[in-house]
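Asks: Sequence lines, in order, name chains Z and B.
Going by my numbering, the letters in the first sequence line up with residues 50 to 826, in that order.
Going by my numbering, the letters in the second sequence line up with residues 156 to 258, in that order.
Input: one structure, supplied below.
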Amino acid sequence: MASDQSPEFKVIGTRPVRPDGVDKVTGRAKYGADYTLPGMLHGKVLRSPHAHARIRSIDVARALRLPGVKAIVTGADFPEVKGVMAQVGELIVNTHYLSLNVMARDKALYDGHAVAAGAATSKHIAEEALELIEVDYEALPPVMTAEEAMRPDAPVLLEELRTRLMAHRTDPGALEGPDRASNVPGHIRFERGDLDAGFRAADYVVEREFTTATVHQGYIEPQNALAVYDADEHLTIYCSTQGSFNVRTLTASVLAMSEGKIRVVPAEIGGGFGGKTTVYLEPVAALLAKKSGRPVKMVMTRAEVLRATGPTSGIKAKVKIGARRDGKITAAEVWLAYEAGAFPGSPFAPGAMCTLAPYIIENLRIDSYDVVVNRPKVAAYRAPGSPASAFACECVLDELAEKCRLDPIEFRMRNAAHEGAPQPAGPAFKKIGFAETLAAIRDSDHYRTPLNGPFRGRGVASGFWFNGGLQSSAIVNIHGDGSVSVVTGSVDIGGTRAAQAMIVAETLGIAVDEVRPVVADTDAIGHTDVTGGSRTALATGMAVYEASRDARDQLIGRAAKIWDKKPDEVVFEQGVFRPVDGSAPSLNLRQLAGRLARTGGPVVGRATVNAGAVGAVGNAFATVCIDVEVDPDTAKVRILRCTIAQDVGRALHPAYVEGQLQGAVAQGVGWALNEEYFYDQKGTLRNFGLLDYRMPTCLDLPMIETIMVEVPNPNHPLGVRGVGEVGIVPPMAAVASAIYRAVGVRMAELPMSAPRLLKAIIENRVTTFDAQATAAK
Amino acid sequence: MKLEGAGLTRVRPFVLMATVVIPALLRKLTNGQDRVTASGRNLGQVVADLERQFPGLREHLVEDDELKPSVAVSIDGEMGMAGVLEPVRENSEIFFIPAIGGG
């Protein structure tokens, strides 16, 4: 357990400057909106003002007559796409619904749903053209929450939907219950043991209900796309995405094109957090480009990002957990309903798979439902599904710990999952470091330092998330001067280019600044799944490691050729190649690279990996401790101190790992205290700007302290675990517990904003609050 | 076991028996059993044997002769991506679980 560099490595564990850093801080880095092409048009999208409406007709004639307008598209211009489910990297996509989300056909299903788009010689003309498009809507009653949507008399969003078993979340059809239309397309259950017996064995049972809000990833860079057709009908798309191969596949599906006719060039990305793993503008820009015969660029406004791209689900949760006096959990029953937005596909399955995963519970039942509502179709957001369900269950665990008169860490420690323990879905964990994260917080300076003062409280919570596996490709090119480039298809969000360069440098025994990492487009590298699921440093890192070893083995062969030896008579150590028998002077990489042309030509190391399904290659756990202070007059919550301990396996670049942990906690705090979508009674989003959709800034947070627990991942050659997501899971419950200890109110609804907390304090007439207020005076 | 006839000697494939943990909502198709045994050298063969024993189970797991995109499988703790071609060993433990994605 350490964050210091392991003596077995020279490069891994150090903190070199990221290769993309200078370009980013000097403004030279090229983001999607920076791309321009000769003759380029600007495209804009007309969006529904209704949360739920039938589209009777769309008349674009007046818009087309506006000078400068070159093309208009509506749903009628899109091919009808058969509703097949496709696995696209980590996504499970119903291509029919994807197409309907990109452009509405006969129904608008949320405020902001695209209903038409236009391309013109300027952005302003395009915007003016949208005002001339006449859409005849028949407004329908909106259904805005999971609870409303699950009522038998609720208006139905999609007539073809039926409730299905397992995780058939995007696949309409009847398998459960009566054959009637439903807003609940998916239901899963995990069950083991004897629930009744478990609760009978409990000394304490806590049963609570929780609600969480729709929240957005809040990436700084809006979605964008520039589409251009070549004369031979090949389409090139420049865009901001977490997965260029996803964009290719999904665009091909929506436009009924061959993937081979599409090249996707990933630009630098200004954040994604899961929100850029699907397509919105790309097929629209492509269709406008095809129709106009000119390149078309589209860039969303912030309002469009909030109204029409995928946030993550708000949920309703019901949790009942029992425990003995000694702190042993005897039974748990959890009911979860995830709002999917307008089309099936919420993270209701991973939410169920993750909640309570850190604990060994013999008697367990978790039901989770996918529910469509008149909100934008949700997208992935950092550990999708887990933060909301963890908030509910971790809050109940905190309450049980109190009833058992146990320290909340000790309570968790007595139930902590370890290697061999069953996950909620059934399979057993391999080597994991959950208990180590608890111990790290328990032993931290933060936890051992008493928190004094009125209206102050400390909370602790834990969380679980999977590590993505999936597919990656990598190429390692040895240049003539001994420098190296490493080419992958993984978009770099969190410093993964630096991590890849470090793996190559470590394997080939060279300095990290001699390795240039490159992110290639979809024509230039083998298939690579998204930068998401905490998988890039992990799985693409595996491909880079294998490609480096492939290059190294080829280099050994070249050295052997020079020395007239067999490859096994040459060794590579300390960055040099030498004959085992010492019959010739050793060669370093620079010396050997200069002789490649005469020993067989270029050396290119290659590797492709399929690291298995998400969850196959590793698991991540984190525990967070947060101190808060509640303003006694306004109930505004201030974060005083925050520490996260996370099992990172092995930190390739500790600074960037720390950055991931800090960023995840910061987002979790925003989710806990401020962030939520406000819809009015008509289902219209009222806070579609970042002034009103309030994310935490650096002024809202202290420096987040990080403890990197290193329990090497047995499934990775370097012991790496995915680190990008799990840190967002515990903060909400930790803040809730801290607030309870500060003012005596157990909050059950997110966000715990000042108005909501003040209302709760007043309604509960908390005696401790009054007492503290009196004491403070 | 050797089967002989028409001058040919064939070796019957060794039948591997795996334990399959049935997803909770599908247990009504297995008479409430949460664990059943099924034979096969790969997942596709195991599912075929499940269908023989418990008609109706296959359509929840397999579509167009491939594991449904929304379903993942854990065999002895390993979650591969070979779908119905995932190899199954003697006494393997198989879980069908939801396929998931991250952010």
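Yeah, the Cβ is synthetic: ideal placement off N, Cα and C, and Gly gets one too.
None of the values given here were measured: they were computed from a predicted structure.
1) Strictly below 7 Å CB to CB, what residues from chain B border Z/I527?
2) Under 7 Å between beta-carbons, which chain B residues line up against Z/E240? List them in chain order, please.
3) Identify the contact partners of B/S247 in chain Z, using a Cβ-Cβ distance below 8 Å as the criterion.
4) Less than 8 Å between the CB atoms is what I'm expecting for Z/A166 and Z/V74, so what's the real figure, rounded?
5) If I measure Cβ to Cβ from Z/A715 and keep anything under 8 Å in the same chain, skipping five residues before and after, which residues do I get?
6) With a 10 Å radius around its C-beta and 16 neighbouring C-beta atoms as the bar for buried, classify Z/G324 as buried or exposed.
7) With 8 Å as the limit, tell me which residues of the stretch 655-675 of chain Z have their beta carbon closer than that to any beta carbon of chain B; keep them in chain order.
8) State buried or exposed for Z/E683, treating a residue as buried only when at least 16 other CB atoms are found within 10 Å of its CB.
9) Quick check on Z/T326: buried or exposed, where buried means 16 or more other Cβ atoms within 10 Å of its Cβ?
10) Distance, Cα to Cα, Z/G529 vs Z/K615?
11) Write down the C-beta distance between Z/T194 and Z/P271 rounded to the nearest angstrom, noting that I regard them as a contact closer than 8 Å.
12) Of all the CB atoms in chain Z, is at least one closer than 9 Å to the CB of B/D189?
13) If you draw a straight line from the alpha carbon of Z/V348 to that of Z/E331, how long is it in whole angstroms?
14) Can you give me the Cβ contacts of B/S247 inside the same chain, cut-off strictly under 8 Å, excluding the 5 residues immediately before and after it?
15) For a contact meaning CB atoms closer than 9 Å, what does Z/M134 contact in chain B?
16) Step through the CB atoms of chain B and report whether any lies within less than 9 Å of the CB of Z/D220.
17) Using CA atoms only, rank isn't needed, just tell me which of Z/I415, Z/V109, Z/N659, Z/L645 is closest to Z/F239.
18) With DSSP run on the structure shown, which of helix, strand or coil describes Z/I611?
19) Determine the DSSP secondary structure at Z/S511, reduced to helix, strand or coil.
20) Check whether the Cβ of Z/G434 lies closer than 9 Å to any Cβ atom in chain B.
21) Using a Cβ-Cβ cut-off of 7 Å (strictly less than) and excluding sequence neighbours within five positions of Z/A82, which residues of its own chain qualify?
22) Can you check the stretch 748-793 of chain Z for any alpha helix (DSSP H) of at least 4 residues that lies completely inside it and give the ranges in chain order?
23) Examine the ligand SAM and report whether any of its heavy atoms sits within less than 8 Å of the Cβ of Z/R507.
24) Can you name, in chain order, every residue of its own chain whose Cβ lies under 7 Å from the Cβ of Z/I605, other than the five neighbours on each side?
25) How big is the Cα-Cα spacing for Z/I542 and Z/D69?
26) What three-state label does DSSP hand Z/D108 in the structure shown?
27) So which residues on chain B does Z/M402 lean against when the C-beta distance must stay under 8 Å?
28) On the criterion of 16 or more Cβ atoms from any shown chain inside 10 Å, does Z/S632 qualify as buried, or is it exposed?
29) With DSSP as the reference, label Z/D126 as helix, strand or coil.
30) Between B/G232 and chain Z, is the shortest Cβ-Cβ distance under 9 Å, so that the two count as touching?
31) Any beta-carbon of chain Z closer than 9 Å to the one on B/V176?
32) Would you say Z/I141 lies against chain B (beta-carbon separation less than 9 Å)?
33) Determine the extent of the alpha helix (DSSP H) in which B/L212 is found, giving its start and end residues.
34) One question on the structure: do Z/V255 and Z/V130 come within less than 9 Å of each other, judged by their Cβ atoms?
35) Using a Cβ-Cβ cut-off of 9 Å, state whether Z/K426 counts as contacting chain B.
36) Could you tell me which of Z/C403, Z/Y278, Z/W384, Z/R805 sits nearest to Z/P344, measuring between CA atoms?
Replies: Per the coordinate set shown:
1) None at all; the shortest Cβ gap to chain B is about 31 Å.
2) A179
3) Correct list: empty, because the minimum Cβ distance to chain Z is about 12 Å.
4) Going by Cβ atoms, the distance from Z/A166 to Z/V74 rounds to 35 Å, so no, they are not a contact pair.
5) P745, L750, I753
6) buried
7) N659, G661, A662, V663, G664, A665
8) In the sequence as displayed, the identity of residue 683 of chain Z is Thr instead of Glu. The residue is exposed, with fewer than 16 neighbouring Cβ atoms inside 10 Å.
9) buried
10) 23 Å
11) 27 Å between Cβ atoms; not a contact.
12) yes
13) 10 Å
14) L171, A173, T174, I230, D231
15) E218, K223, P224, S225
16) Note on Z/D220: pLDDT 41, under 50, position unreliable in the model; the coordinate value appears next. Chain B contact via Cβ: present.
17) Z/I415
18) helix
19) strand
20) yes
21) N273, V348
22) 780-792
23) Ligands displayed in this structure: none; no statement on the ligand SAM is therefore possible.
24) P616, V619, F621, F626
25) 10 Å
26) strand
27) I252, P253, I255
28) exposed
29) helix
30) yes
31) yes
32) yes
33) Where B/L212 is concerned, there is no enclosing alpha helix (DSSP H), given that its DSSP letter is neither H nor E.
34) no
35) no
36) Z/Y278
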